[in-house]
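Working notes, structure below.
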Amino acid sequence: MDQGQLMRSARFRKEREADWKRLERLVTEAETHGIQHMSFAAARDLSALYRQATTALAIAREVSLDKALLEYLEALTARAYLSVYAPQERVGGVLRRFFAQSAPRAMRRSWPFILAAYLCLGLGVFVGYLLYQESTGWYHVFMPSGLAGGRGPEATTEFLRRALYDEAPDKSALGAFATFLFSHNTQVAFLVFGLGVFLCVPAILLTVQNGLSLGAFFALYVDRGLGVDLAAWLSVHGVTELSAICVACAGGLQLGWAVLFPGDRTRRDALRHAGRDAAKLAIVAAAMLLVAAVLEGFARQLIQQPETRFALGWGVGLLWLAWVVLAGRSPR
Amino acid sequence: MIRRSRPSEKRPPVDEIMPPEGVPLKLKVAGVGVRLAAQIADVLITFVGALAIFLLLIALGATDPTSTLAIGVMLFFLIRVPYYVVSELVWNGQTLGKRLMKIKVVAHDGGPLTTHAVVARNLMKEAEVLLPATLLLALDADEPVLMLLGLAWIVITLLVPLLNRYRMRLGDMIAGTHVIHLPVPILLKDLAAEAPRGAATGDRFTFLPHQLDHYGAFELQTLEKFLRVEERSVALSEYTNHRATLAAIVDRIQHKIGHADPIPPSDHREFLRAFYNAQREHLEQRQLFGDRRKDKHFAASSEDE
């Protein structure tokens with residue numbers, strides 16, 4: 001049958017079929033090798049043919065009733081669309097850009113939430129400390145028994161001191177690293193972030209509760225005259241780890257805030273918008289927890305002098321602060 | 001009375017995505033079952049990877065028995081988190097498990113899939129299900145409150161995808177993505193463009209405009225589907241059955257359009273092909289003039305409007 005006798009839609013198809021077949025081959029190539037590895041001509045043709053196919057699909061929806069053709073074009077255009085609009089970033093570049101620019105910027109943008117998280121923790125510590133002073137019975141209310149490890153109001157001062165300066169732990173360094181990575185505080189950090197979506201309250205409660213147990217713990221040691229030693233012992237990893245909890249809490253608070261007060265947006269849009277910074281805070285918190293685990297697993301066993309412990313812990317804390325305040329500022 | 005915020009007909013169809021070119025594309029939203037299967041495949045892959053390194057560490061004597069569990073969990077975690085992010089970045093929204101199940105992550109608004117979206121949805125996956133699950137395994141029984149909290153959290157997050165049209169997880173909502181089935185483009189032959197078998201078919205069966213006014217696009221495409229099955233060679237056992245269906249359809253169409261001449265069984269197929277061509281040409285012609293006929297009830301429905 002020659003061209004003239006064909007009906008309009010069949011002619012439409014016959015004229016473009018070769019292009020579609022070529023697009024199909026290019027899409028397969030892009031999907032298997034990635035657009036970055038295609039030749040210039042192939043990549044150029046891919047996007048040009050994709051736009052032609054989009055137009056063809058729009059026309060075919062108007063003029064053709066050939067179901068096979070319509071389904072083919074739908075699928076082909078969709079596949080081409082997915083390859084043309086693929087993420088084009090290299091993994092290394094993503095990492096560098098994140099730590100050099102986007103993460104510190106996100107931290108600076110969400111300073112009210114971070115401040116609020118630190119206040120929650122501080123409030124917890126303060127109240128926990130005062131309550132212990134009032135009655136040592138509070139200690140067992142705030143401190144999970146699994147965590148205390150026998151360090152309670154009944155323990156002897158000597159036992160408490162030994163816990164701070166334990167020379168030979170019975171674990172390998174890697175084992176200690178692993179244990180502390182999945183320590184209680186990591187669980188708290190992730191719970192705090194995740195629960196933020198539920199309208200902030202659980203995140204605040206968990207952070208305050210964490211502060212309470214810390215305050216009671218601190219009060220116990222101050223009571224025995226070991227306050228400075230405990231502060232040094234905690235500083236090594238605590239500065240980083242507690243900050244990580246606060247950062248995670250700030251991320252959770254941001255999500256919860258978006259759900260509670262979406263403003264002019266719909267709740268889902270607000271959540272998506274807040275998620276941009278909250279996700280970055282969560283990554284930062286995770287990185288801080290990793291560093292804290294390294295400090296706790298390795299450094300704390302090696303360093304025994306309180307002065308060095310203070311210097312290391314707060315030094316690392318200062319580095320974090322400098323990174324947050326200074327990194328990723330655009331030059332004026 | 002409860003006021004509905006928006007009538008449901010106004011919302012765009014679930015399976016549609018609007019790319020920047022402005023021509024809506026149909027991309028079928030992947031169900032929870034398929035995604036669970038892909039997820040299980042991914043967990044297995046990362047687990048085997050962690051196990052390999054773990055066994056290597058034991059062989060090298062780098063661990064000791066007291067911290068075995070902790071190291072195992074840590075390895076699994078340290079391998080799993082980058083695995084999802086990197087594979088979805090490199091393979092454009094697909095992990096190995098997703099490749100296996102032929103599903104893919106797309107940006108909900110039709111734009112490109114950004115790095116932020118990939119990272120956000122996979123981080124939320126950790127916070128949503130995987131970490132609470134790991135913690136549940138690692139927690140002692142003497143912390144029932146935390147345990148119950150974790151369990152409740154997992155159950156709630158698993159329910160979220162069942163409650164929205166796009167089957168989005170919480171992570172999908174935050175990242176602005178959803179998961180689709182990868183469409184497979186297969187171009188079948190154009191029925192109308194093929195030369196009909198048997199010479200001069202076009203002359204043997206002619207249809208008048210009023211005869212073609214009975215059916216709409218739905219009937220035409222049903223007929224197309226039937227004719228395509230016809231294309232394939234039919235097994236001998238089904239042959240008689242098939243001839244009977246063919247005869248029934250021809251009889252039905254003849255009756256409906258008032259085609260008087262009897263058609264011998266050997267010509268049934270040619271008749272249907274000719275009718276398909278004529279009907280399609282007619283309907284496409286009508287469509288060009290803005291007269292879309294969805295199915296055979298088009299006359300009644302157009303009066304309603």
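Chains U and S supply the protein sequences, listed in that same order. Heads up: the first sequence at position 113 corresponds to 113 in full-length UniProt numbering, and the numbers run straight through without jumps. Heads up: the second sequence at position 189 corresponds to 189 in full-length UniProt numbering, and the numbers run straight through without jumps. Positions of the beta carbon are idealized from the N, C-alpha and C atoms, including for glycine. In this text the structure is predicted, and so the values were computed from the model without any measurement.
Reduced DSSP secondary structure (H/G/I, E/B, other) of V118 (chain S): helix
Given this structure, state the Cα-to-Cα distance separating R15 (chain S) from V29 (chain S), to the nearest angstrom. Here residue 15 (chain S) turns out to be Asp, not Arg, going by the sequence shown. Taking the straight line joining both Cα atoms gives about 6 Å.
For a contact defined as C-beta to C-beta under 8 Å, what are the partners of Y72 (chain U) on chain S? P185, I186, L187 and L188
So which of U:I204, U:V291 and U:V27 has the shortest CA-CA distance to L119 (chain U)? U:I204
The alpha helix (DSSP H) enclosing H33 (chain U), as first and last residue numbers: R8 to H33
CA nearest to the CA of F113 (chain U), picked from U:I303, U:D277 and U:G313: U:D277
The beta strand (DSSP E) spanning I103 (chain S) covers which residue range? I103 to A107
Buried or exposed: D251 (chain S), going by 16 or more other Cβ atoms within 10 Å of its Cβ? exposed
The alpha helix (DSSP H) that contains T207 (chain U), what's its start and end? V201 to D223
Burial state of F126 (chain U), where buried means 16 or more other Cβ atoms lie within 10 Å: exposed
In the DSSP assignment, what residue or residues form a beta bridge with K26 (chain S)? S:E16
Assess contact between the stretch 288 to 301 of chain U and the stretch 239 to 256 of chain U, defined as three or more Cβ pairs (one per stretch) separated by less than 8 Å. Is contact present? yes
Among U:E15, U:D223 and U:S243, whose alpha-carbon lies nearest the alpha-carbon of G316 (chain U)? It is worth fixing the name first, because residue 316 (chain U) is Val in this sequence and not Gly. It is U:S243 whose Cα lies nearest to the Cα of V316 (chain U).
Would you kindly check if the distance between the Cβ of Q279 (chain S) and the Cβ of L212 (chain S) is under 8 Å? yes
If you measure from the beta carbon of A279 (chain U) to each beta carbon in chain S, is any gap under 8 Å? yes
Which residues mark the beginning and the end of the beta strand (DSSP E) in which T177 (chain S) is found? T177 to H181
The stretch 98 to 109 of chain S in contact with the stretch 260 to 271 of chain U per 3-pair CB rule at 8 Å: no
Within the continuous alpha helix (DSSP H) that includes A279 (chain U), where are the two ends? R267 to V294
Stretch-stretch touch, CB-based, cutoff 8 Å, three pairs: the stretch 62 to 73 of chain U with the stretch 167 to 187 of chain S: yes
For chain U, is any of its Cβ atoms less than 8 Å away from the one on H116 (chain S)? yes
Secondary structure of Q3 (chain U), DSSP reduced to three states: For Q3 (chain U), the predicted structure reports a pLDDT of 46, less than 50, and the residue's modelled location is therefore unreliable. The matter cannot be settled from this model.
Reference Y276 (chain S), options S:P264, S:D261, S:I253 and S:D291, closest by Cα: S:I253
In terms of residues, what are the limits of the alpha helix (DSSP H) holding E134 (chain U)? W111 to E134
According to the Cβ coordinates, are L25 (chain S) and A106 (chain U) closer than 8 Å? no
Please classify D109 (chain S): is it buried, with 16 or more other beta-carbons within 10 angstroms of its beta-carbon, or exposed? exposed
Only counting the same chain, and skipping five residues up and downstream in sequence, which positions put a Cβ closer than 8 Å to that of S64 (chain U)? S9, F12, R13 and L70
Starting from F275 (chain S), trace the alpha helix (DSSP H) both ways and give me its first and last residue. H268 to L288
Compare the C-alpha of L253 (chain U) against each of U:A279, U:F142, U:M143 and U:G93 and name the closest. U:A279
Proximity below 8 Å, CB of L214 (chain U) to CB of G124 (chain U): yes
If K67 (chain U) and E224 (chain S) are in contact, beta carbons under 8 Å, what's the gap, nearest whole angstrom? 6 Å
Rounding to the nearest angstrom, what Cα-Cα distance links D304 (chain S) and L89 (chain S) in this structure? Reliability fails at D304 (chain S), whose pLDDT of 47 lies under 50, so the model's placement of it is uncertain and the value that follows must be treated cautiously. Spanning the two alpha carbons is a distance of roughly 51 Å.
Check whether V119 (chain S) and L113 (chain S) have beta carbons under 8 Å apart: no
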